[in-house]
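All letters in the sequence shown, in the order written, are residues 11 to 267 by this note's numbering.
Structure, as structure tokens:
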Amino acid sequence: MNNSLHRPGTNRTYESLYEKWIYPVAHRKLDNDWLEKQVSFWMDGRGLAPRTVKILIRLLCEDANKYGSNLDPKPITRLVMKRVQDKPIKALTKEQSKTLLDACLGYKHYLPVLLALHTGMRRGEVWGLKWDDVDFLNEKILIQRSYTGPTKNGKSRYVPMSSIVKSTLGIRYPFKNSQHIISDCFDPNPLLKAICKKSNIPIVTFHALRHTFATLALEAGRSPKKVQEVLGHSALSTTLNIYWSSTQEKMDLEFLK
11 MNNSLHRPGT
21 NRTYESLYEK
31 WIYPVAHRKL
41 DNDWLEKQVS
51 FWMDGRGLAP
61 RTVKILIRLL
71 CEDANKYGSN
81 LDPKPITRLV
91 MKRVQDKPIK
101 ALTKEQSKTL
111 LDACLGYKHY
121 LPVLLALHTG
131 MRRGEVWGLK
141 WDDVDFLNEK
151 ILIQRSYTGP
161 TKNGKSRYVP
171 MSSIVKSTLG
181 IRYPFKNSQH
191 IISDCFDPNP
201 LLKAICKKSN
211 IPIVTFHALR
221 HTFATLALEA
231 GRSPKKVQEV
241 LGHSALSTTL
251 NIYWSSTQEK
261 MDLEFLK
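And the structure:
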């Protein structure tokens, strides 16, 4: 398993996936029929997410081909990723987002949730943000790292800073106690789940806040190209494949009312 080109956090994820799902069936010659059955087991029997299964397919093919297999991961991966495109993403409405943000006041989750909802940053990027990355004068934030290393595509990007993000960071800036804007790294999802339940809004993970930013931006008529740049997707097709169909559906329904 060649992980040398991946970020440290990604390496740990791949190693964990390999140990749990690949190692028990690895180190032998396999065929495509077996691979298809295994993929069905992972998705339908174990309920693994399509994106996780995509990684597992690549890891398994790399291992099996060392032992004389001739597995081509591309056809089965395309079928798996089609499930991602067909499955609606989980995102909050504008009203639900405001409810969640209000409910987070007083918790250390408030600032990470605010940043994710207003910038579309990934979780690692939120925790990797430093005060030097914030340009108050030009109202923009430089995203140039994740908490565990470089950004997902290895590139830096600027995201615009909304007025509430600017004022919130501006209030905190004189009292900063570390280089990082969020000084301690913690898992936001358990409390986020509890807050969603208490607030009677759909239960979402922290990553769904990124989805929320993107869908709300597109529904508001923002350019897909601009949304792609802010999200840090390498290709516009990625943004369109994930978000465009669901947002167009909502826009069409609004038009009919």
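Positions of the beta carbon are idealized from the N, C-alpha and C atoms, including for glycine.
Here the structure is a predicted model, which is why all the values come from computation and not from measurement.
Output the boundary residues of the beta strand (DSSP E) element that contains residue i.
{"i": "P170", "result": "167-170"}
Going straight from the alpha carbon of residue i to that of residue j, what length do you get?
{"i": "K203", "j": "K39", "result": "43 angstroms"}
{"i": "E25", "j": "I32", "result": "10 angstroms"}
{"i": "R182", "j": "L110", "result": "21 angstroms"}
{"i": "N148", "j": "A74", "result": "52 angstroms"}
{"i": "I99", "j": "A59", "result": "12 angstroms"}
{"i": "W137", "j": "G78", "result": "43 angstroms"}
{"i": "I191", "j": "R155", "result": "13 angstroms"}
{"i": "G159", "j": "R22", "result": "12 angstroms"}
{"i": "K76", "j": "K30", "result": "20 angstroms"}
{"i": "I252", "j": "L115", "result": "30 angstroms"}
{"i": "A245", "j": "D143", "result": "24 angstroms"}
{"i": "I67", "j": "G55", "result": "16 angstroms"}
{"i": "G134", "j": "Y157", "result": "5 angstroms"}
{"i": "E229", "j": "R88", "result": "28 angstroms"}
{"i": "V123", "j": "W141", "result": "17 angstroms"}
{"i": "G57", "j": "L179", "result": "40 angstroms"}
{"i": "H119", "j": "K208", "result": "15 angstroms"}
{"i": "N80", "j": "L70", "result": "12 angstroms"}
{"i": "P234", "j": "T215", "result": "24 angstroms"}
{"i": "W52", "j": "V90", "result": "11 angstroms"}
{"i": "K108", "j": "T161", "result": "28 angstroms"}
{"i": "S247", "j": "L102", "result": "23 angstroms"}
{"i": "G164", "j": "K236", "result": "19 angstroms"}
{"i": "Y28", "j": "R61", "result": "15 angstroms"}
{"i": "A113", "j": "G231", "result": "28 angstroms"}
{"i": "L302", "j": "S172", "result": "Because residue 302 is not part of the residues shown, which for the chain are 11 to 267, the question remains open."}
{"i": "L15", "j": "L241", "result": "With a pLDDT of only 41 at L15, under the threshold of 50, the placement of this residue in the model should not be trusted; the figure read from the coordinates follows. Whole-angstrom Cα-Cα distance: 22 angstroms."}
{"i": "F265", "j": "N187", "result": "Reliability of the predicted coordinates at F265 is poor, the pLDDT of 38 falling under 50, and the value obtained from them is presented with this limitation in mind. Cα to Cα, the separation comes out at about 49 angstroms."}
Residue i: which of the options sits nearest, CA to CA?
{"i": "K64", "options": "E105, A230, K84", "result": "K84"}
{"i": "T129", "options": "A230, R220, V35", "result": "R220"}
{"i": "P198", "options": "S244, G242, L121, S233", "result": "L121"}
{"i": "I86", "options": "G55, E46, Y77", "result": "E46"}
{"i": "E72", "options": "L246, H37, K186, T161", "result": "H37"}
{"i": "E105", "options": "L241, L125, P212", "result": "P212"}
{"i": "F146", "options": "N42, I174, N163", "result": "I174"}
{"i": "P34", "options": "Q48, D41, N210, D43", "result": "Q48"}
{"i": "D82", "options": "R132, S50, N42, H217", "result": "N42"}
{"i": "H243", "options": "A113, R132, L127, Y28", "result": "R132"}
{"i": "I153", "options": "K186, E239, W44, A218", "result": "E239"}
Provide the residue span of the alpha helix (DSSP H) that contains residue i, from first to last.
{"i": "L152", "result": "Per DSSP, L152 belongs to no alpha helix (DSSP H); it is in the beta strand (DSSP E), 150-153."}
{"i": "F223", "result": "217-229"}
{"i": "C206", "result": "199-209"}
{"i": "L246", "result": "246-249"}
{"i": "A59", "result": "Where A59 is concerned, there is no enclosing alpha helix (DSSP H), given that its DSSP letter is neither H nor E."}
{"i": "T178", "result": "173-182"}
{"i": "S50", "result": "42-50"}
Hey, is residue i close to the ligand ADP, as in C-beta under 7 angstroms from one of its heavy atoms?
{"i": "E46", "result": "Inclusion of the ligand ADP in the displayed structure is not the case, the ligand content being empty and no account of it being possible."}
- Message: As an exercise, report each continuous alpha helix (DSSP H) stretch of at least 4 residues that is fully enclosed by the stretch 82-139, in chain order.
- Response: 83-96, 104-113, 120-129, 133-138
- Could you tell me whether the stretch 157-173 touches the stretch 222-235, using the rule of 3 or more Cβ pairs below 8 angstroms? no
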